[in-house]
Each structure stands twice: as C-alpha cells, then as structure tokens.
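Engineer:
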Amino acid sequence: MIGQAVATCYFKPVRRLQDETDIATSARAAAFRGKRINLCLDLNVAARFNQAGSDPVKLKDLGLFDLAEVLANPGIILNPGLAFREMEERFVENDWRAFSEYLTTFAPEYQDTPDATWDPSGSPMKNFWDLPKTAQAVHLPSYISQLLLISWRKTDAAPLRQLEGYLSDVLRYLGQFQPLEARIAQFLFYDRMRARNEDWKAFCGEIRTNFSKPAGSKRTLLKAALNQMLDTYLLRAAQSMHYGQKQEADFWIATQDTGLAYFAKTFFYDEAHLSPSGLFSTFERLMPFAEMTTEQYWLDAEALFDNFSEAPKWQISDEELASLAKEIEAKLLERL
-14 MIGQAVATCY FKPVRRLQDE TDIATSARAA AFRGKRINLC LDLNVAARFN
36 QAGSDPVKLK DLGLFDLAEV LANPGIILNP GLAFREMEER FVENDWRAFS
86 EYLTTFAPEY QDTPDATWDP SGSPMKNFWD LPKTAQAVHL PSYISQLLLI
136 SWRKTDAAPL RQLEGYLSDV LRYLGQFQPL EARIAQFLFY DRMRARNEDW
186 KAFCGEIRTN FSKPAGSKRT LLKAALNQML DTYLLRAAQS MHYGQKQEAD
236 FWIATQDTGL AYFAKTFFYD EAHLSPSGLF STFERLMPFA EMTTEQYWLD
286 AEALFDNFSE APKWQISDEE LASLAKEIEA KLLERL
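For the sequence shown, the residue numbers in this note's numbering are -14 to 321.
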C-alpha cells in the first residue's frame, strides 16, 4: 500500500438541477444518441499516471482504476491538454509518457478533443503572462479576480467587510459582477472556525484550501493566481467548450481535489436558462448545508450579491485590463 487511497471525482458544471450525475450513465446515453461527452482532466489527476506506473495496487490507490472503468464506456472524448500545460516543466515528459502508456493499456479507443493543439513540446505555464496573447485577453477578468482575492485575504478586516471590499473592487476594476468568483470569495472569507457542525466546517475548509494557495513569494503568488484562475476556467469552460453541438453532449471534469469537487456542489449553470446572447447559462447558487440559509454571514452575503448583481455594468478594453492586472500584481509583490 502507498497510504490512504484517493478517489477521482466527476462532475459537470453546466446542467439542469435534476440531471443525471453519474458519468458512466451520461456517457452511455450520449453514445446512444451518437454524441460524446468531453471529460477534462484536472492537474491532480494528470500527475498520478507517472506515480502509479503499471503497478495494480498503486493504480487502485491513486484512483486510476476508477478512471479506467469510466473510459471503458463509449461516448467519451478525453481532454488532457490543459492539465499538462499547467504542469511544472520538469515533470511533463515523464508524466505524458506514463499517461500515453496508461491509455494504450486501459483506453485503446481513446479520442482526443477534435481541435487539440497541445503536445509535450509545448511550453508549460509558470505565470499568467506565459499564456498566448489571445488567451490572456479571454482570461484577464478571471485573473484579476484572483489577484483581488489574494489581496483581500491578506487583510485583517472582518469577513463580511472583506467580501464587500472584494466585490466593490471587482466592480471598480472589471465593470461587472462575477457570480462564480463571488461564490468563491463567500467561502474564502467565511470564518469557519465558528461553525459548530464539523461536516460543514470541513466542507468549507477544503474549499478554502483549494482557493487560497500559498502566495508568500513572487513565484508562489503568481503561480497561485494562475492556478486559481485555471480552476475557475475549468468550472466556467463548460459553458463554451463544445466543439460542435452535433457531436458533443456535455462537459465533465475529473478531479482528485476535494475542495474543487465540494465547491461544485454549491452552484450550477442552468442550461435551461440562457443569457440574451445564448452562449452562457444562468449561474444558480445551491445550498447543500442548512448553515448557508441560517447563519447571518451567509444571509448578508446573499444580500450583497443581489445588490452588486444589479449594479450598472460597463466595458473595459483588453489593454486597460492588462494594465490593471500588472498594477495589482505590482502592489501585491510590494507587500511581500
């Protein structure tokens, strides 16, 4: 044995509340309709293949036999590129080789995403500015949100004041309310040590750990902001990563990060209610614990969300966003 076994969790952010939540059932249903589901690997899954090798015990303990059972179902497109690009450069070659060997053994019918562009010779990302210019433009608002989260969690303000300050800064810098990042901030600033329900306390703690990575040096701060932005990208990408509606049914994420999986239980994008553009689904908050409907902090936070979501919105150019991101970075680095 290699220690306590880990599990691979599967969830899809874009769904109707009553949707099927079992990935194998979803994949078979998609295949029956002549479609595929897109399964995106989180970095913590991609990093396991080289650790396990071909050892059956390690494969089981690292949650990879479970993944093999999922991949044995028809109707799955596997999406590994984002995870491997996020990986540290020194690990990429060996981990990619182990991943390829795993697929040869357990998923010989593997299909890559139709427009996949990543390969092992690609440049891993060390910070946000390693992204291609076109990707930077897309992700700048989410990246700025993560920088602001890091900035506010370094303050000593009361939890609700931190949340309100963060939401105010997001509106000031980005010109709009961001419901996904607001939900993250709600957990990040919550004082879970006052919680009496141990399950609730642990639930909040896992989410906080995932979205409050160490940021005590220049390298770790920039990497933390990038990694947290990529987590939000995974959760948001499901809205747009459909490579052809005739082919692809829906988008799933495979992760071994308990915090990310827990966080996914607190919201969903309701595909039954599209935005006026028809491209993005409505963000719906879920309340899996009673404390979210009874504790004053959570009630006050919901009122803040209602107020900020109704605030006037405005557009900010890509050039202005890039300048703002670098300005916030510089201020954070000065405070180290």
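Beta carbons are placed, not taken as given, at the ideal position from N, Cα and C, and that holds for glycine. Since the model is a prediction, treat every value here as computed from it, not as a measurement.
Drop a sphere of 10 angstroms on the beta-carbon of Gly229, count the other beta-carbons inside from all chains shown, and report buried for 16 or more, exposed for fewer.
Structural biologist: Below a pLDDT of 50, predicted positions are generally treated as unreliable, and Gly229, at 47, falls in that range; the measurement from the model is reported next regardless. Exposed is the call here.
Engineer: On a CA-only basis, which of Val55, Gly19, Val(-1), Arg75 is nearest Asn35? Give me that one, please.
Structural biologist: Of the candidates Val55, Gly19, Val(-1), Arg75, the one whose C-alpha sits nearest the C-alpha of Asn35 is Arg75.
Engineer: Tell me the rounded alpha-carbon separation between Thr140 and Arg157.
Structural biologist: About 19 Å.
Engineer: Out of curiosity, what's the CA-to-CA distance linking Tyr282 and Phe174?
Structural biologist: Each residue's alpha carbon lies about 10 Å from the other.
Engineer: When you compare the CB positions of Ile238 and Leu207, do they come within less than 8 Å of one another, or not?
Structural biologist: Cβ distance not < 8 Å, so Ile238 and Leu207 don't count as in contact.
Engineer: By the three-class DSSP mapping on this structure, what secondary structure does Arg193 have?
Structural biologist: The answer is helix: DSSP assigns Arg193 an H, G or I state.
Engineer: May I have the straight-line CA-CA distance separating Thr251 from Leu271, to the nearest angstrom?
Structural biologist: Distance between the alpha carbons of Thr251 and Leu271 is about 5 Å.
Engineer: Measure the alpha-carbon distance for Asn195 versus Leu49 and round it to whole angstroms.
Structural biologist: Going by the C-alpha atoms only, they are around 22 Å apart.
Engineer: Please return the same chain residues whose Cβ sits closer than 6 Å to the Cβ of Asp154, not counting the five positions on each side in sequence.
Structural biologist: Contacts found: Leu133.
Engineer: What does DSSP give as the partner residue(s) for Asp235 in the beta ladder?
Structural biologist: Partner(s): Ile22.
Engineer: Of the residues Arg179, Ala286, Ala32, which one's Cα is nearest the Cα of Arg146?
Structural biologist: Minimum Cα distance to Arg146 is reached at Ala286.
Engineer: Between Ser130 and Gln163, which are expected to be in contact by the criterion C-beta below 8 Å, what is the C-beta distance as a whole number of angstroms?
Structural biologist: Going by Cβ atoms, the distance from Ser130 to Gln163 rounds to 6 Å, so yes, they are a contact pair.
Engineer: Which of the three DSSP states, helix, strand or coil, is assigned to Glu295?
Structural biologist: Note: Glu295 maps to coil in three-state DSSP.
Engineer: Inspect the beta-carbon positions of Asp235 and Val30 and report whether they are closer than 8 Å.
Structural biologist: No. Outside cutoff.
Engineer: Let's see if you can read the secondary structure: which residues bound the alpha helix (DSSP H) around Phe91?
Structural biologist: Segment 74 to 91, the alpha helix (DSSP H) holding Phe91.
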